[in-house]
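Residue 214 in numbering that gives the first Met the number 0 is what sits at position 215 of the sequence shown, and the numbering runs on without skipping anything. Just so you know, even glycine gets a beta-carbon here, dropped at the ideal spot from N, CA and C.
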Amino acid sequence: MQRGIAASSRGCLLRQLELTRTKFWHLSGGHHCCCKRTREAFVTPPGCFEKRSFTLLKMADLQNCDFCSLNPLELFEQVTAQGEKVRSLKAEKAPKDEIDTAVKLLLSLKLSYKTATGEEYKPGSPPADFTPVSNGPGDTEDNDFVDPWTVQTSNAKGVDYDKLIVRFGSSKIDKDLINRIERVTGHKPHHFLCRGIFFSHRDMNQILDAYENKKPFYLYTGRGPSAEAMHVGHLIPFTFTKWLQEVFNVPLVIQITDDEKYLWKDMTLEKAYQCAIENIKDIIACGFDINKTFIFSDLEYLGMSPGFYRNIVKIQKHVTFNQVKGIFGFTDSDCIGKISFPAIQAAPSFSTSFPQIFNNKSNIPCLIPCAIDQDPYFRMTRDVAPRLGFSKPALLHSVFFPALQGAQTKMSSSDPNSSIFLTDTPKQIKTKINKHAFSGGKDTVEEHRKYGGNCDVDVSYMYLTFFLEDDDKLEQIKQAYTSGALLTGELKKALIETLQPLIAAHQQRRKQITDEIVKEFMTPRKLAFDY
């Protein structure tokens, strides 16, 4: 787990606090905030912000001022600053009553920090789940923009995932962890792990500890049905989740966030639910075990599961509007449905949301495989879990699946030219790859033979790292393309020959998925496990 705030993260925090001060300064006309009982408030004009120049707020005021509500990271900074103030007062041999007052405030802040995080304050060890992430265009340190809805970078190689690990405060999946997964499961690691496609995690070792001690856990993943047809990039989390289910032999819940798509997209509720059903057929076609898998639509399940709704309400009570604005960037013009939605995506992380599966047991850990852009939802979830008496969910993060035009953005269902859909014909697949797939080759055959191609930016090669399971063949292609022996057209041909049968096989499996099978997967029921 990442400990300490990296220099870039400290800079992000300072920028965020300066933006907060600027916003308040303009709203208040330069006057104090609503904490009228103290002069210790944000009254310095914007632009005068320096490290730890913010003044401390009295705890009584924090309880009565929405503007001053603090998330765990802000509390951590307050405790750190107050600790320095106490040491400074003692060094200066200040009056005893002044020191006592400062110490009392320090103890109050530490208590609030423990209440918020479930952990004791430790100097130099901020809560990793609330390490600040600067994703906006004003970030001068890199040009990566990552949130749950948008992924963009100016780098032709794609997002810098090492930087993203630092910014998100997660841990890298290293060789030791991969070896442990192999040792614990007795299965060869999935090539998604070995090739760094799943590259980051939170608390995976705790899941392995539980498994080794014969304690149960479950898998949770999901899909936002923005269109009826899924693209090949959507197969990545489901392919890996299926492997996890098989090697660990655990139950799986799959959330279909049709409510989210209704709130964010220009579509009717009926269309959102229709897209959900079509997507569920594609998900079932990935080969999930019907006796171990429950797939649910939010629009449908929330109305029939009191346990699920209770957990949503608990989360909503313990997460402030200030926190979700900071995490997700919501503004005053966003509908209240968006603001409350994160609690709905968080709730499946807790086993009591599925009483029919887990017999109302609240102590069953959850492992969530997902793309890294979904991590903000689960940083929030991990922060609130201890306060609700639940275990923090563990996560496995995947990289983004690049668009055909290049790794500067991820493949999107809303852009047909950037995507290869699971409904595409062999001819369409061939045309899209030949016409749109960004090449790392040189401009002429002569230059390519002399200098070779660049696999780091070539989309066809990137796609092969996902779908070509043969390690030796993949390495041969890389060496041949890099040396110039393999031309761009030949590399694209290799990808076409890999994807065409893969998608055709998926389409054949999908044809076998009837409405009755969909209904059975979506029926709340006991799975093939006893709790």
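Linking Ser361 to Asp455 through their CA atoms gives a straight-line distance of about 45 Å. When the five nearest sequence neighbours on each side are left out, the beta carbons in the same chain lying within less than 6 Å of the beta carbon of Cys285 are those of Phe237 and Lys241, in order along the chain.
Three or more Cβ pairs closer than 8 Å define a contact, and the segment 316-332 falls short of that threshold against the segment 346-359. For Cys365, DSSP records a beta bridge to Tyr217. Comparing alpha-carbon positions, the option among Pro126, Arg509 and Phe327 lying closest to Tyr112 turns out to be Pro126. Within the segment 440-498, complete beta strand (DSSP E) segments of at least 3 residues are not found at all. Ala209 has its alpha-carbon roughly 12 Å from the corresponding atom of Ser390. Secondary-structure assignment with DSSP links Phe420 through a beta bridge to His230.
The criterion of a C-beta distance shorter than 8 Å is not satisfied by Ile294 and Ile235. With fewer than 16 other Cβ atoms from the protein chains shown falling within 10 Å of its own Cβ, Met303 counts as exposed. Counting along the chain, no alpha helix (DSSP H) covers His189, and no H or E run does either. A distance below 6 Å between beta-carbons, with the five flanking residues on each side excluded, links Gln344 to the following residues of its chain, in chain order: Tyr376.
Only buried fits Tyr261, as 16 or more other CB atoms lie within 10 angstroms of its CB.
Glu496 and Thr464 have their C-alpha atoms spaced approximately 14 Å apart. Shortest Cα-Cα distance from His396 to any of Asp265, Asp173 and Leu467 involves Asp173. The continuous stretches of alpha helix (DSSP H) do not include Gln511, and DSSP gives it neither H nor E.
Closest by C-alpha distance to Arg179, out of Ala503, Cys193 and Cys365, is Cys193. In this structure, the CA atom of Gly488 is about 16 Å from the CA atom of Gln475. The Cβ atoms of Ile279 and Val458 lie no closer than 8 Å to each other. For the pair Thr256 and Asp281, the CB atoms are not nearer than the 8 Å cut-off. By DSSP's assignment, Ile255 forms a beta bridge with Arg222 and Ser296. Take the alpha-carbon of Asp175 and the one of Val85: they are about 43 Å apart. Per DSSP, the unbroken alpha helix (DSSP H) holding Phe167 starts and ends at Tyr160 to Phe167.
Leu395 is bridged by DSSP to His200 and Pro368.
By the Cβ neighbour-count rule, Pro341 is buried, with 16 or more other Cβ atoms within 10 Å of its own. Assigned with DSSP and collapsed to three states, Ser170 falls in strand. Per DSSP, reduced to three states, the secondary structure at Lys156 is coil, with no helix or strand assignment.
Cβ atoms of Phe400 and Gly232 come within 8 Å of each other, at about 3 Å. For Thr79, the secondary structure class from DSSP, reduced to helix, strand or coil, is helix. For Cys274, the uninterrupted alpha helix (DSSP H) segment begins and ends at Leu268 to Ile283. Under the DSSP assignment, Phe377 falls in the alpha helix (DSSP H) whose first and last residues are Asp374 to Leu387.
Nearest to Ala155 by alpha-carbon distance, out of Leu72, Tyr530, Gln507 and Ser438, is Ser438. By the 16-neighbour rule on beta-carbons within 10 angstroms, Tyr450 is exposed. When secondary structure is reduced to three states using DSSP, Val249 falls in the coil class, being assigned neither helix nor strand. For the 8 Å CB-CB criterion, Ile356 and Pro500 do not form a contact.
A residue is called buried once 16 or more other Cβ atoms fall within 10 Å of its Cβ, and Arg378 is buried on that count.
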